[in-house]
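Participant: Each residue of the sequence shown is one higher than the last, beginning at 221 in my numbering.
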Amino acid sequence: MEAQSFVYETDNPETFGETINSKESANWKKATESEMASHRENQKWELTDLPAGSEALPCRSVFRIETNPDGSINKYKARLVCEKLQSTPRH
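1. Is DSSP giving N294 helix, strand or coil here?
2. Could you compute how far the alpha carbon of E275 sits from the alpha carbon of T287?
3. Who does L300 pair with in a DSSP beta bridge?
4. Is the number of C-beta pairs between the segment 255 to 265 and the segment 229 to 238 that are closer than 8 Å three or more?
5. Residue range of the alpha helix (DSSP H) that W265 falls in?
6. Within 10 angstroms of its Cβ, does I240 collect 16 or more other Cβ (buried), or is it exposed?
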């Protein structure tokens with residue numbers, strides 16, 4: 221039998237501010253640091269100056285608590301996601 225995890229939307233913070241002001245702030249900090257380390261290790265992005273006339277893509281963090289079938293917490297997850305992508309038509 222394979223282990224399962226569940227995500228309950230009602231227990232998840234909506235903003236970074238909610239995570240740092242919660243009693244689980246240490247867990248959220250660890251999850252956020254893990255997400256950023258993953259981006260660095262996988263070379264997903266590079267911090268640089270924007271070229272003139274360019275705009276940064278808006279992004280936000282999504283926070284989720286995964287629970288085990290018995291309701292206990294399996295892990296805290298933080299993900300950095302792009303708010304909207306504008307695709308350029310390919311010719």
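Even glycine gets a Cβ: it sits at the ideal position worked out from N, Cα and C.
Facilitator: Straight from the coordinates:
1. Taking the first residue of the sequence shown as 1, we reach residue 294 at position 74. If DSSP states are grouped into helix, strand and coil, N294 belongs with the strands.
2. Counting from one through the sequence shown, the residue named residue 275 turns up at place 55. Counting from one through the sequence shown, the residue named residue 287 turns up at place 67. Whole-angstrom Cα-Cα distance: 38 Å.
3. In the sequence shown, counting from the first residue as 1, residue 300 sits at position 80. In the DSSP secondary-structure assignment, L300 is bridged to S281.
4. With a cut-off of 8 Å, the segment 229 to 238 and the segment 255 to 265 do not count as touching, because too few Cβ pairs lie within range.
5. Taking the sequence shown and counting its residues from 1, the one referred to as residue 265 is at position 45. Unbroken run through W265: none, as it is neither H nor E.
6. As a working mapping, residue 240 is identified with position 20 in the sequence shown. Exposed, because fewer than 16 other Cβ atoms sit within 10 Å of the Cβ of I240.
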